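Below you'll find the structure, written out as C-alpha cells, and then a few comments.
In this note's numbering, the protein residues as written are 3 to 322.
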C-alpha cells in the first residue's frame, strides 16, 4: 500500500499511522465511529459517492451497499482500498476491474460496471452490463507484437494462446474462459440482431448476409486465437451457444458438428434443446439418434420412447 501511495497519481492519501492501523482513516458511516485499517466487525453499509457533471446521473451520487466480505462480519483491507480509490479519484480518471476479477471482489458495484472488453469500467451512473461498441473494437482489434503506441488505441495482444507447445496450467485455462465469454457475448449480441432482422420484412438478402458474417466473425476470431485443442471450452452451455450461432448464421455443418457432440448427454435440458433445434430445422435423423441414445440409458422414460416412435415414423429409420 505504501508503494502504491508513492506513485505520481496519489489516489491513496493515507499516512503511515493510518496504514498501520494506529490512526483512523475516516468515519464509519454506520455508527459514526472512527474507522481503522484493521479487522473490525462490518455490517451491511450504505455507501454514497458524490458525482458532479454527469448528465446521466440526475441524483448527483452513486449509491450501493458494501456488505461484509469475510465470514462472520469482516471486511478485507483490499475492499476498503477500492472504496478509498473511488472516493479519492472523484471520477477524474477511469477505474477498471479485469474480467478475471471475481464478482465477490467488486464490492457490490455491479450496477455501475460495464464490460468494454477484457475489463469492466466503473461508471458514474447506472449502465447496461456490456458496452458492445467498445467490446467489439477492443476484442476484434488484434495488436501485433511489433506494434506500439504512446497514445490510447483499441485492441489487444493475444500471445501464445494458439501454441500447443506453451504450457497453460489449470488456473490459467480457467481464467481464459473469461476471454471466451467476452467473445461469446459479442457473438450473441450480433446473432440476436440477425434473428431480429430475419423477422423484418424490409431486410434484404444482402443485409442478411452481412448480419450472418457479423455474427460469425467473433466466433471465427476466437477459434483462430484460442483453438480448442489449446484452450478447451469448459462450459456446455457456451459450446451449445456456439453450435447454435454457427448453424443459424450460415455455417450449418460446423454448427451440426458441435451439436452432435452432445448426443450422448445425460442432461434433460440439453437433450430438450437439441430436440427443439432439430425439430425446427427438420433434422429428424439427428433427433432419432439423440433419442435412441437417451432411451438406451433411461429405458423407463416412456415419454422419450413415445417421442422416438414419432420421429422414426418421419425418418428413414424403421420402427423396431
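Glycine included, every Cβ here is placed at the ideal spot set by N, Cα and C. Note that the structure is predicted; figures quoted are calculated from it, not measured.
Taking the straight line between their C-alpha atoms, what separation do you get for residue 68 and residue 184?
In the chain shown, counting from the first residue as 1, residue 68 sits at position 66. In the chain shown, counting from the first residue as 1, residue 184 sits at position 182. Near 27 angstroms, if we compare the C-alpha coordinates of residue 184 and residue 68.
For the stretch 305 to 314 and the stretch 275 to 290, state whether three or more C-beta atom pairs, one from each stretch, are separated by less than 8 angstroms.
Contact holds: three or more Cβ-Cβ distances are below 8 angstroms.
Cβ-Cβ distance between residue 109 and residue 84 below 8 angstroms:
On the chain shown, residue 109 is found 107 positions in, with the first residue counted as 1. On the chain shown, residue 84 is found 82 positions in, with the first residue counted as 1. A contact, by the Cβ cut-off of 8 angstroms.
Using the beta-carbon count (16 or more within 10 Å), is residue 154 buried or exposed?
As a working mapping, residue 154 is identified with position 152 in the chain shown. By the neighbour-count definition (other C-beta atoms within 10 Å, threshold 16), residue 154 is an exposed residue.
Can you give me the start and stop residues for the alpha helix (DSSP H) that residue 163 sits inside?
Looking up residue 163 in the chain shown gives position 161. Residue 163 -> no alpha helix (DSSP H), and no H or E assigned at all.
Beta-carbon spacing of residue 56, residue 126 below 8 angstroms:
By one-based count along the chain shown, residue 56 stands at place 54. By one-based count along the chain shown, residue 126 stands at place 124. Contact flag set, yes.
Do three or more CB pairs link the stretch 198 to 215 to the stretch 228 to 247 at distances below 8 angstroms?
No: the two stretches stay apart, fewer than three of their Cβ pairs being nearer than 8 angstroms.
Rounded separation between residue 76 and residue 30 - CA only
The sequence position of residue 76 within the chain shown is 74, counting from 1. The sequence position of residue 30 within the chain shown is 28, counting from 1. Cα to Cα, the separation comes out at about 14 angstroms.
Rounded to the nearest angstrom, what separates residue 156 and residue 117 at their Cα positions?
Here residue 156 refers to the residue found at position 154 when the chain shown is read from its first residue. Here residue 117 refers to the residue found at position 115 when the chain shown is read from its first residue. When rounded, the distance between both Cα atoms is 14 angstroms.
Given residue 102, which residues of its chain have a CB within under 7 angstroms of its CB, disregarding the five upstream and five downstream residues?
Residue 102 sits at position 100 when you count from the first residue of the chain shown. 177 and 180.
In chain order, what residues of the same chain lie with their CB nearer than 7 angstroms to the CB of residue 267, ignoring the 5 residues before and after it?
If you number the chain shown from 1, residue 267 lands on position 265. Here the set comprises 273.
What residue ranges within the stretch 18 to 100 form continuous beta strand (DSSP E) runs of no fewer than 3 residues, ordered along the chain?
47 to 52, 63 to 68 and 98 to 100, all fully within the stretch 18 to 100.
Anyone know if the C-beta pair for residue 137 and residue 187 falls short of 8 angstroms?
As a first step, residue 137 is located in the chain shown; it is residue number 135 there, counting from the start. As a first step, residue 187 is located in the chain shown; it is residue number 185 there, counting from the start. Against a cut-off of 8 angstroms, the Cβ pair of residue 187 and residue 137 comes out as a contact.
Looking at the structure shown, is residue 210 part of a helix, part of a strand, or coil, going by DSSP?
Your numbering for residue 210 matches position 208 in the chain shown. Note: residue 210 maps to helix in three-state DSSP.
Exposure label - residue 150; buried when at least 16 CB within 10 Å:
As a working mapping, residue 150 is identified with position 148 in the chain shown. Residue 150 is exposed by the Cβ-count criterion.
Please identify the residue among 190, 250 and 114 whose C-alpha is closest to the C-alpha of residue 59.
In the chain shown, the residue the question calls residue 59 occupies position 57. Nearest option by C-alpha distance: 114.
Please give the ranges of any alpha helix (DSSP H) in the stretch 246 to 284, keeping only runs that are unbroken, at least 4 residues long and fully inside the region.
Uninterrupted alpha helix (DSSP H) stretches at least 4 residues long and entirely within the stretch 246 to 284 occur at 254 to 262 and 270 to 283, given in chain order.
Can you grab the Cα-Cα spacing for the pair residue 249 / residue 269, in whole Å?
To locate residue 249, count along the chain shown from 1; it is residue 247. To locate residue 269, count along the chain shown from 1; it is residue 267. Whole-angstrom Cα-Cα distance: 22 angstroms.
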